[in-house]
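Contents: one structure, followed by commentary.
There are 2 protein chains.
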Amino acid sequence: MNCIIITIGDELLIGQVIDTNSAWLARELNALGIAVTRRVSVGDDWQAIWQALDNAIESAELVLITGGLGPTADDITKPLLCQYFGGKLIVNDQVLAHVRAIFERINSDRGGKPRPMLERNLKQAEVPDVCEVLHNPAGTAPGMLFQKNGTMVISMPGVPHEMKEIMRQAVLPRLRQNENLGVVEHRTLLTAGQGESYVAERIQAFENALPKHIRLAYLPSYGMVRLRLTGIGTDRVIVEEELDQQFEKLKQEVFDLLVTDRDEQLHQVVLRLLAERGETLAMAESCTGGYMAHLVTQIPGSSSVFMGSAVVYSNAAKHSVLGVPIETIEQQGAVSEAVVRDMVEGCLLKFGSRYAMAVSGIMGPGGGSDEKPVGTVWIAVGNAHKIEAQQMRFRFDRHRNIELTANYAFNLLRLFMLRQ
Amino acid sequence: MNCIIITIGDELLIGQVIDTNSAWLARELNALGIAVTRRVSVGDDWQAIWQALDNAIESAELVLITGGLGPTADDITKPLLCQYFGGKLIVNDQVLAHVRAIFERINSDRGGKPRPMLERNLKQAEVPDVCEVLHNPAGTAPGMLFQKNGTMVISMPGVPHEMKEIMRQAVLPRLRQNENLGVVEHRTLLTAGQGESYVAERIQAFENALPKHIRLAYLPSYGMVRLRLTGIGTDRVIVEEELDQQFEKLKQEVFDLLVTDRDEQLHQVVLRLLAERGETLAMAESCTGGYMAHLVTQIPGSSSVFMGSAVVYSNAAKHSVLGVPIETIEQQGAVSEAVVRDMVEGCLLKFGSRYAMAVSGIMGPGGGSDEKPVGTVWIAVGNAHKIEAQQMRFRFDRHRNIELTANYAFNLLRLFMLRQ
Chain X
-13 MNCIIITIGD ELLIGQVIDT NSAWLARELN ALGIAVTRRV SVGDDWQAIW
37 QALDNAIESA ELVLITGGLG PTADDITKPL LCQYFGGKLI VNDQVLAHVR
87 AIFERINSDR GGKPRPMLER NLKQAEVPDV CEVLHNPAGT APGMLFQKNG
137 TMVISMPGVP HEMKEIMRQA VLPRLRQNEN LGVVEHRTLL TAGQGESYVA
187 ERIQAFENAL PKHIRLAYLP SYGMVRLRLT GIGTDRVIVE EELDQQFEKL
237 KQEVFDLLVT DRDEQLHQVV LRLLAERGET LAMAESCTGG YMAHLVTQIP
287 GSSSVFMGSA VVYSNAAKHS VLGVPIETIE QQGAVSEAVV RDMVEGCLLK
337 FGSRYAMAVS GIMGPGGGSD EKPVGTVWIA VGNAHKIEAQ QMRFRFDRHR
387 NIELTANYAF NLLRLFMLRQ
Chain A
-13 MNCIIITIGD ELLIGQVIDT NSAWLARELN ALGIAVTRRV SVGDDWQAIW
37 QALDNAIESA ELVLITGGLG PTADDITKPL LCQYFGGKLI VNDQVLAHVR
87 AIFERINSDR GGKPRPMLER NLKQAEVPDV CEVLHNPAGT APGMLFQKNG
137 TMVISMPGVP HEMKEIMRQA VLPRLRQNEN LGVVEHRTLL TAGQGESYVA
187 ERIQAFENAL PKHIRLAYLP SYGMVRLRLT GIGTDRVIVE EELDQQFEKL
237 KQEVFDLLVT DRDEQLHQVV LRLLAERGET LAMAESCTGG YMAHLVTQIP
287 GSSSVFMGSA VVYSNAAKHS VLGVPIETIE QQGAVSEAVV RDMVEGCLLK
337 FGSRYAMAVS GIMGPGGGSD EKPVGTVWIA VGNAHKIEAQ QMRFRFDRHR
387 NIELTANYAF NLLRLFMLRQ
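These protein sequence lines are chains X and A, in that order.
Just so we're aligned: 81 in my numbering is position 95 of the first sequence, and the numbers increase by one with no gaps anywhere.
Just so we're aligned: 213 in my numbering is position 227 of the second sequence, and the numbers increase by one with no gaps anywhere.
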């Protein structure tokens, strides 16, 4: 089964928002063995939506549409779908009851003056009489399912958590019952320490010997290269067996660069190691400004191993929060080996964690000097017995320098932990 | 002039990476008056790329392609483009010299054992003889410009900072010289305090009275609604004048909800207010785990007003870093008015800032109780003279709860600052 994803909204074409729905949908579909063959974004434009729908129905068995269903006037998707599939809009009693219930709940939560239901909220209960309504537990705009020429077309609101709830509760269970699903399986590993070209050179023979139905892909990002093997077939057992064999070979080829053989990010590897050992971590961030802590705390359950981070952006804070001596900062500069070592020490003391990591650097665009140009970063990691420090020099923009610093710091900590 | 953006890469179709290139490209093109009419993502698949190219050339004067140009074997875009435009691959001497120079620079930076140039690196210097080469100052894969049937087709690598450099240095200057550019202008404002439906209801008369060539769009996100007016025309002076008139009217319609009439995010408004007044900010984050600090420190120059953040994830850290009394935490719980008030006080003291903000809450999925369910958050903002606290109850997933908490906290601080 193959799928085309259509996302609708002018905001996608003027770059005001980044489309995260498509990636989420693609992951969920892939896990079911449904291949996404194309993703298309069009504006709130009748003709463009119509044409995208025409093209998609022609070449896919499943079409998922997100966006264009909100309560405001810039939304034209519902009337278009109604006309496209030859129906008329009618009030759906269940949706109407649901919309009313949502308003009652909001009003009872707030107390005070109740919010009246508006004409435009009631309109959300109107659906084409040629669709099957998919319940939206998280909002007022329902999902809609249409059938045409053997293609299933499903329209959902663009608000990510509403779309996801409709997918989880109504769409994915239905797709799972489909008998025509192929098998698409992935195995992913993460390497650090060598660039894309060198990794490719090293595993060239392996890649050339791969059977046709197993593909290798390189996904380089911020000082690391992710390698993905994809196996396609009809029998899950056979596909998995072949894929696992090849994956074992691949792991041996890159054993010295291997960070993880699971589909997880570097900071997730660190969290997992900590949890497995029953140990804890704290950090002191200057130049990453809270980004490393944010990465860690996005993961549910991280509070069991993560004590916190001192985001000490000012020099005064490096002293007052972490006890870094003023003289050290004045003599060595805030971006120096001495300061990051002191930050690790202060961090271990303040947070009482087993491990600590610290970074200080110049992320740009301003703040550089001849001696310490933009991209200069000091990283330290350690525990009560030992602290190791390393200087890096990145050449990129602020955003990329922050990402690179975080990745190098987490990898340094990972290697330090593995040596303990 | 209209444009279609094609992004290439299997990783986009299996959801392993989120496409941020398209949004950046769309913003840059829009600023020039070039309308993006469609965005398409296809995999590393010969037929899919070919067809997307065919369709795009048929309906746009400009086609921008990103991705599929790296040094590894999963990249098929260059040979495809060569065949599509009827050329053959030849070594380009300038690109070759550039690739060699990059390797020499890397090797001199590293010292130690030099990295040899590989066959596949040299291959990057091969380009179709029917294209104009666009210099890539940030990497080894060059951009390529083709012409067909009056359409300009430009292919660039998918690595964001390489793509951006080619755009800035080679593509945008050339597009600016085009005489067929229309005028597309936007005015954007941000509101907080009412949902999309209510804002729409309030400005319905304004919206209905808008001339045809000015469109209004609603962009709701995390407790706020952004309103965007878009004016289209041929004469920049006329478009801007009309748009500014309507924008003034719109601002009056929503004056009491208005956060900013610039295209900036809420935390940027707070930073701007601080900078204008010469005041400083620090924060204490429990449940947002560094996200608020990350938002602030992504902005270049934030170090002039931002002192830092104490990410006190554990209860022990709330005490040891910020001096919140153990008894308060034990008696009231970590998610309580007393604790966030103490966090603000500790924060003002430790960081010596003019203002401080603090949040503590239960983001989910775990950690909730009957009394304090997932989504319960306490926020406090204040200065040395006054601290204000507020309880929120969000109903969403971890990611969304974190975003909502940050937005409500920044807005509470903004309102507090405006009252001072």
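Don't be surprised by glycine CBs; every beta carbon is placed ideally from N, CA and C.
Residue-level contact to chain A via CB, residue i, 8 Å cutoff
i	result
X/P407	Because chain X here runs from -13 to 406, residue 407 of chain X falls outside it and cannot be looked at.
X/T137	no
X/G276	yes
X/M210	no
X/R263	no
X/W10	yes
X/E2	Checking the displayed sequence, the identity of residue 2 of chain X turns out to be Gln instead of Glu. Chain A, which has a Cβ nearer than 8 Å to the Cβ of X/Q2, makes this yes.
X/V409	No statement about residue 409 of chain X is possible, as the shown extent of chain X runs from -13 to 406 and does not include it.
X/Q64	According to the sequence shown, residue 64 of chain X is Lys rather than Gln. Not an interface residue.
X/E316	no
X/D287	Note that residue 287 of chain X corresponds to Gly in the displayed sequence, not to Asp. Chain A contact via Cβ: present.
Test: residue i CB closer than 8 Å to a CB of chain X
i	result
A/R188	no
A/H371	no
A/D484	Look at the range of chain A in this structure, -13 to 406, and you will see that residue 484 of chain A is not part of it.
A/F292	yes
A/Y341	no
A/D242	no
A/P123	no
A/G338	yes
A/D356	no
Span of the beta strand (DSSP E), counted from its first residue to its last, around residue i
i	result
A/Y299	Note, A/Y299: premise wrong, no beta strand (DSSP E); not H, not E.
A/A366	T362 to G368
A/Y277	No beta strand (DSSP E) holds A/Y277; the alpha helix (DSSP H) holding it covers Y277 to T283.
X/S207	I200 to S207
A/H172	V169 to A178
A/G332	Looking at the DSSP string, A/G332 is not in any beta strand (DSSP E); the run it does join, the alpha helix (DSSP H), is E323 to F337.
A/I312	Segment I312 to Q318 is the alpha helix (DSSP H) holding A/I312; no beta strand (DSSP E) there.
X/V245	L244 to T246
X/I218	M210 to G219
X/I76	L75 to V77
X/E112	E112 to P114
Identity of the residue in the options nearest residue i by Cα
i	options	result
A/N166	A/V116, A/S183, A/G219 and A/E193	A/G219
X/A261	X/S290, X/T274, X/L236 and X/E234	X/S290
A/K336	A/H305, A/V145, A/R188 and A/Q318	A/H305
X/S108	X/A366, X/F89, X/C117 and X/D115	One detail in the question is off: residue 108 of chain X reads as Leu in this sequence, not Ser. Checked all of X/A366, X/F89, X/C117 and X/D115; the closest Cα to X/L108 is X/F89.
X/Y277	X/R258, X/T266 and X/V298	X/V298
X/P159	X/G72, X/A17 and X/V256	X/A17
X/I(-8)	X/S27, X/W10 and X/T6	X/S27
A/L399	A/A344, A/D40 and A/K235	A/A344
A/F371	A/G72, A/V360, A/R340 and A/S272	Looking at the sequence shown, residue 371 of chain A is not Phe but His. Residue A/R340 is the option with its Cα nearest to A/H371.
X/Q69	X/R106, X/V85 and X/C117	X/C117
X/D221	X/V170, X/L196 and X/L259	X/V170
A/L213	A/E226, A/H147 and A/Y184	A/Y184
X/P128	X/H199, X/I51 and X/V360	X/I51
X/G353	X/G319, X/C333 and X/V330	X/G319
Range covered by the alpha helix (DSSP H) that runs through residue i
i	result
X/H385	R384 to R405
A/K64	T63 to Y70
X/S8	N7 to A17
X/L55	That residue, X/L55, is in no alpha helix (DSSP H); it is neither H nor E in DSSP.
X/S183	E182 to R188
A/Q163	Here A/Q163 belongs to no alpha helix (DSSP H), and DSSP marks it neither H nor E.
Residue i - partner residues in DSSP beta bridges
i	result
X/E271	X/V297 and X/V345
A/L48	A/C(-11) and A/M138
X/Q133	X/M138
X/I(-6)	X/V28
X/M378	X/V363
Any non-hydrogen atom of the ligand PLP within 7 Å of residue i CB
i	result
X/E239	With respect to the ligand PLP, the structure offers nothing, as it holds no ligand at all.
Cβ contact (3+ pairs, closer than 8 Å) linking the segment 166 to 175 of chain X and the segment 235 to 244 of chain X: yes
How do the segment 347 to 354 of chain A and the segment 376 to 388 of chain A stand: do at least 3 beta-carbon pairs fall below 8 Å, yes or no? yes
For the structure I just gave you, are there three or more beta carbon pairs, one from the segment 195 to 206 of chain X and one from the segment 242 to 252 of chain X, closer than 8 Å? no
Does the segment 118 to 132 of chain A come close enough to the segment 146 to 160 of chain A that 3 or more CB-CB pairs lie under 8 Å? yes
Meets three-Cβ-pair contact criterion under 8 Å: the segment 281 to 288 of chain X and the segment 251 to 266 of chain X: yes
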